[in-house]
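Residue numbers (our numbering), protein chains in the order written: chain A, 83 to 334; chain B, 83 to 334; chain C, 13 to 303; chain D, 885 to 1117; chain E, 885 to 1117.
We put the beta carbon where it would ideally sit given N, CA and C, even for glycine.
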Amino acid sequence: MQRAKSLVMPLAILMYWQLIASSGLVSSYLLPAPETVWTAAKSLYASGILSHSILVSLSRVFQGFGISCVLAFALALLVNGSRTVEQLLSAPLALLRMIPPLAMTPLLILWFGIGSTTQLAIIILASIFPVFLNTRDGLRRVDPSHQELARSLQLGRLRYFRWIVLPGAVPSIITGVRVGFGYSWRALIGAELIAASAGLGYLIIDSQEMMRTDDVMVGILTIGMIGWLLDTLFDQLLCRKLSRRFPEICRS
Amino acid sequence: MQRAKSLVMPLAILMYWQLIASSGLVSSYLLPAPETVWTAAKSLYASGILSHSILVSLSRVFQGFGISCVLAFALALLVNGSRTVEQLLSAPLALLRMIPPLAMTPLLILWFGIGSTTQLAIIILASIFPVFLNTRDGLRRVDPSHQELARSLQLGRLRYFRWIVLPGAVPSIITGVRVGFGYSWRALIGAELIAASAGLGYLIIDSQEMMRTDDVMVGILTIGMIGWLLDTLFDQLLCRKLSRRFPEICRS
Amino acid sequence: ETLDISYVRSPFNLQMIVMKEHGLLESEMAKQNVDVKWHEITSGSQQAQALASGDLDIAGVMNTASVLMANAAGNPVQILAGVSRPTDTFAIVGAKGGPSTVAELKGKKVAGPKGTVLHQTLVAALVKEGMTINDVEFIQMGIPQAFAALQSGQIDAALLAAGAIMNAQREGAQTITTATGLTVPTLVMATSEGVAHKHPEWIDAVIRAHDMAARWISENKEQAIELGARQQGVSLADANTLYDWAHFTQRLDQSDIPNLQAEMSFMLDNDLMRKPVNIEAIILPQAMQAN
Amino acid sequence: MTILKNITRRFGDQVVINDLTVELGSHPVTALVGASGCGKSTLLRIVAGLLTCDSGVIDANHKNMAVVFQEPRLLPWLDVRENLALALSRAHNSDPQCIQHALGQVHLAGIEQKFPRELSGGMAQRVSIARALLQKPDILLMDEPFAALDAITRSELQQMLISLVAQESLQCLFVTHDLNEAELISNRLLVMHAGKIVASFVKRDGQYPCSMSADIHQYLNQSLGHNENLSHH
Amino acid sequence: MTILKNITRRFGDQVVINDLTVELGSHPVTALVGASGCGKSTLLRIVAGLLTCDSGVIDANHKNMAVVFQEPRLLPWLDVRENLALALSRAHNSDPQCIQHALGQVHLAGIEQKFPRELSGGMAQRVSIARALLQKPDILLMDEPFAALDAITRSELQQMLISLVAQESLQCLFVTHDLNEAELISNRLLVMHAGKIVASFVKRDGQYPCSMSADIHQYLNQSLGHNENLSHH
Ligand SMILES: Nc1ncnc2c1ncn2[C@@H]1O[C@H](COP(=O)(O)OP(=O)(O)OP(=O)(O)O)[C@@H](O)[C@H]1O
Ligand SMILES: Nc1ncnc2c1ncn2[C@@H]1O[C@H](COP(=O)(O)OP(=O)(O)OP(=O)(O)O)[C@@H](O)[C@H]1O
Ligand SMILES: [Mg+2]
Ligand SMILES: [Mg+2]
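The structure is reproduced here in structure tokens:
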């Protein structure tokens, strides 16, 4: 039932799309009809390009986003642990946060070469900040009464962090990770602009340049649906694992 | 003192940059020396291009991000208010969140033309989701005991929202707005790829195409520093306004 | 009514610059009571999209590859005038101390934008030396990225255009070959079939303004180059070089047809285009040299 | 008058309210006593309509009820005045006098501007009492409202409650652990045990039966040590 | 033995602890009584080292102190067992017996798996007492620890505390509002008023002076109604 409802809108959009396409009001070049896209998808799948692209992109995103999360947590810990570090890092982090990664590609190539490192760097730059800021703000928001409790229990730094600070930040961290994941997935395009020869982003860019809108649509929809799927899986996993301790992160 | 510390790293980076540049190891076209960039900045400023670009981009970002915030709040309210709406919207929102806005330019051009609407749409797509997800998760996390209190006080929906749900979400919302602002600022490049004739993003793209790396650096640094400045101002404003009610959002 | 036209300056489209800066198109269109709106939308695919959506009436400058691909994809874009045949503006550039002839490229890393005239030039150059594209390690990236990669020593050669070539040369890189003799990159002014049908008088006005700009350029060459230099933000010397490289033209001629054919078969061979198009049909009669 | 009939409420496996039947509100002040964890707060929440029950009928001509929870439940982002203003319906919202008066009633005049984190435990509890009073309820449900107060303040507030009940035809259901307090202010006393009302005493001529205290101790004693097991099924 | 000398603590303009001098811990159990808001909890937090004072000296050979706060302060994301395990130093962390024993001491055997949101007010308070006991403190600071407990449970826990103090050379500072409780379990009784210790009674031969109750009432009465203004400067 739940699932059914969440499929209503996609189906409605599909129908609307079909209607527009068959009405002929819109250039089929800009918006190819669903069946055209479906045919394109089938032929991309048959040629093995689609599955290969998916695999390449998935592994790229998992690597990049994994590093992103680790870095973001480490940074949040550092910044949370010391006021001086926070002040020292505030300016570089704010600058990096504001500068478009795409504008930095020449510099990134200079530093990281044209291999996969640059691609990972772009994914990291695109996705690290939601994770970092949400984690930092979550860690910062320890309840003062819990802080006092920890001192009266003479908890060591580690146990204080493990049992009080971290759990208090869990809901924020989850939000951050979900937001960040979206961006890392989106960053595929930017990352695969540079020296990639496969991947969903590459597929989209390449098809766009060759003006094959049907393949572009296949790429877009594949990116969208895989992302949606992963997001839903993540959500359900969390609910299963955490709902007893954090009833507020899942709806009843 | 505080301020001084946060300037240490930028100065260190500047010195390092100067060192690299004067060592001659790196092509000055890839990384022009600080003085070259400074000269370029002065001449861009003298010609009025820089200030014009800044103004254009600022107004574009403020418009786009303003709409983004309003939409994000409205969506969060909708989704928070009704489980059915949440399920209906979940798939389209997740899809939109995962799809790179740059991949959607053909569709955006189709829907919004090549005027400023498309540019705003790109900024909105780039920045709405952190605000939306953080707001939604913040609103969702009402303390059950406060919920019970509201029922026993027979608060109307509006007062319940105004005095209990919304304040509880304030820290999350602030994080979301800060994250989102970074992305809207970053999205300038993507937005000004399409049919812009001024703005910092345009300046960067244009100079990149013309191989004027010094101007590119001016653009990048201007974007970074204005963003940093605005972020700091926002932070201080919030601390001033909210620290009595929400001591946890500012560090002591 | 308004005429929407895109404004494309690079690589060095002097007629465009003069036409806009001198308001030539505006005064031509004013005779028909039509306003002119300029849009800075430069990439070929985006101009093609905007033509298809009706947001753009005239694509100021497009390369023929984009025109061919758009038509192959079912987007009827038509050529209304020539702009230039800038064979020297596109080049294969070897890294400092790296390869200096096409033969030396064998087994080397070459980076550049795929599916463009530069790509085609590379293939043609290799074929001329008895090699194929598989004899080099071709890496796909945009021109600024390829330039950065070349300068930081990540690749052996880059496919560059215009200013990037000059900058690379200043840094010690050497031009291996330009497109001259290999391909003929052709820049054209284009419109959509719908506009060509509905407003032939607009097309004529655009061509008139385009010709007026060319006339002014030939009469005031120095001034024109200076204007171009200012608009492009390059030095006068560079602007002069760009001018020489550009080989401006106002019309296409019969020699362009086989060039377009060659370009099309290149794209068909490399799976950049899926089906051939009728080249005669995408060139408006006004675009051809009257001989 | 509220009547609860055969109310049962489970939390998971545990039956917390077990086929409980009682009529409330036929006396001005009803005291409810019982061992810790026997279900008093749960019962109060059911009466107030804050918790549904698994079976049974609540027959209430729903009057205006106000609840004093076992913890103060002040909103941390609102100062005392704003916390109290929440209890005023919109119409009177602009009346600062009400709030001052209510704070006076709980001996906290002048702390309007403080935030909950700046209050002592007893002060916070009194603010939550003031909030309930501001609701001008017909039925006041109080869960150990004076537990955090010193003897003098407590007796002052007891007096206030007694006079309030007398003046304003207010009815009160009052959970307490202090039998003296229960004897003093209630007209009827219910003893709860393992989710049931096991005894009920009524004050006659201002006096409870003199055996009451011993009886209650017996009931309470019975539950000690096995109060966890008793109600498991 | 802890000695506080001329301690002063302000919150903003308000002087909450006002030049207070007292010696603690020379008696096994010291009770602290005083009007709501007079500064008892603040004093306890200063003794425990959780709050700094603005001036004065605390002369403590810092022993192992445990605090029972006025509210239970259980961590909502940990179940009862995990909440209690926090009090164990790492070495004994793996010992489930300690935890069971401590829960038995507060009559809550068998609730290890529950989360704080599933406990009644009194149960949560008892868990927090168990947590303090698990710290095996030399000095136990308790802020109204039995306030939420019914008469029987309360007296059982009082007995437990008395025997604990006797067995384990534990010292206890105990804030309470219940004078009977104070008389029963303390050896010395301090009366606090407006940030100062205004009186101190010592138990001799198991008895406090019989005038004590009246004296205390007088001190407390004095503060009523103006306890807010008294300590403002
Ligand atoms: N963080 C704080 N900021 C400002 N004022 C405070 C703060 N903590 C306590 N106070 C003030 O200090 C005074 C004493 O508070 P304290 O909690 O010590 O009282 P108490 O004696 O424990 O009272 P109770 O019996 O009601 O718990 C109160 O008037 C309170 O308003
Ligand atoms: N949300 C809940 N989930 C699970 N069990 C609950 C929940 N709320 C209460 N209980 C259980 O119900 C029983 C009764 O709780 P209740 O709060 O009504 O007790 P009480 O009589 O008010 O006790 P106290 O005097 O200690 O406040 C307890 O055993 C408690 O563990
Ligand atoms: Mg209770
Ligand atoms: Mg206190």
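By DSSP's assignment, C/V122 forms a beta bridge with C/F150, C/A169. For D/D897, no CB of chain E lies under 8 Å from its own CB, so it is not counted at the interface with that chain.
In the same chain as B/V259, and ignoring 5 residues on each side of it, the C-beta atoms closer than 7 Å to its own belong to C151, V213, in chain order. Neighbours of E/S1004 in chain D, taken as residues at a C-beta separation under 7 Å, are given in chain order as S920, G921, S925.
Residue contact check for D/R965 against chain B: no CB pair falls below 8 Å. By a beta-carbon distance limit of 8 Å, A/L113 does not contact C/A160. Their separation comes to about 36 Å.
Within the same chain, no residue comes within 7 Å of C/S65 by CB-CB distance, once the 5 residues on both sides are set aside. Contact between A/F211 and B/G264 holds: their C-beta atoms lie close to 6 Å from each other, under 8 Å. For C/A202, the secondary structure class from DSSP, reduced to helix, strand or coil, is strand. Contact between B/L275 and B/G301 does not hold, since their C-beta atoms are separated by about 14 Å, which reaches or exceeds 8 Å.
With contacts defined as CB atoms closer than 8 Å, D/N890 and D/T914 fail to qualify as a contacting pair.
Taking C-beta atoms as the reference points, E/L908 and E/T886 count as a pair closer than 8 Å. Distance check between C/D168 and each of C/T113, C/A302, C/L194 places C/T113 closest, using alpha-carbon atoms only. In the displayed model, B/M307 falls within a helix according to three-state DSSP. Beta-carbon to beta-carbon, D/W961 and B/R327 are separated by about 4 Å, close enough to satisfy the 8 Å threshold. Secondary structure note for C/W50: its beta strand (DSSP E) is the uninterrupted segment 47-51. At a cut-off of 8 Å between beta carbons, B/F243 makes no contact with chain D. Of the candidates A/P253, A/S198, A/D297, A/L177, the residue whose Cα lies closest to the Cα of B/M299 is A/L177.
Under the 8 Å Cβ criterion, the segment 78-92 of chain C does not count as touching the segment 241-254 of chain C, having fewer than three qualifying pairs. The beta-bridge partner set that DSSP reports for C/M300 consists of C/L264. Residue burial is scored here from C-beta neighbours: B/I102 has fewer than 16 other C-beta atoms within 10 angstroms and is therefore classed as exposed. For A/D219, the enclosing alpha helix (DSSP H) covers residues 198-222.
Judged by the Cβ position, E/Q1102 fails to qualify as a neighbour of ligand 1 at the 7 Å threshold, every heavy atom of the ligand being at least this far. Following the DSSP letters along the chain, one finds D/L916 inside the beta strand (DSSP E) bounded by residues 913-918.
Chain-ordered, the residues whose CB falls short of 6 Å from any heavy atom of ligand 4 come out as D/S1004, D/G1005, E/K924, E/S925, E/Q954, E/D1027. In this structure, DSSP gives A/G283 a helical state, which the three-state scheme calls helix.
For A/Y111, the chain C residues whose Cβ falls inside 7 Å of its Cβ are A64, A85, G86, N87, in order along the chain. Comparing alpha carbon positions, the residue from C/A173, C/I151, C/L92, C/E40 closest to C/H209 is C/L92. C/K118 counts as exposed, since fewer than 16 other C-beta atoms from the protein chains shown sit within 10 angstroms of its C-beta. DSSP places E/F1030 outside both helix and strand once states are collapsed to three, so it counts as coil. Using a cutoff of 7 Å, the CB of A/F328 does not count as near ligand 2, since none of the ligand's heavy atoms is closer than that.
Ranked by how close their Cα comes to the Cα of D/L1054, the residues D/N948, D/K1080, D/A1031 have D/N948 in first place. Nearest neighbour of B/Y98 by Cα position, chosen from B/P116, B/S88, B/E230, turns out to be B/P116.
Close partners of A/H228 in chain E (Cβ separation under 8 Å): R957, L959.
Between ligand 2 and D/V900, a heavy atom-to-CB distance of less than 7 Å is present. Collapsing the DSSP output to three states places E/C1056 in a strand.
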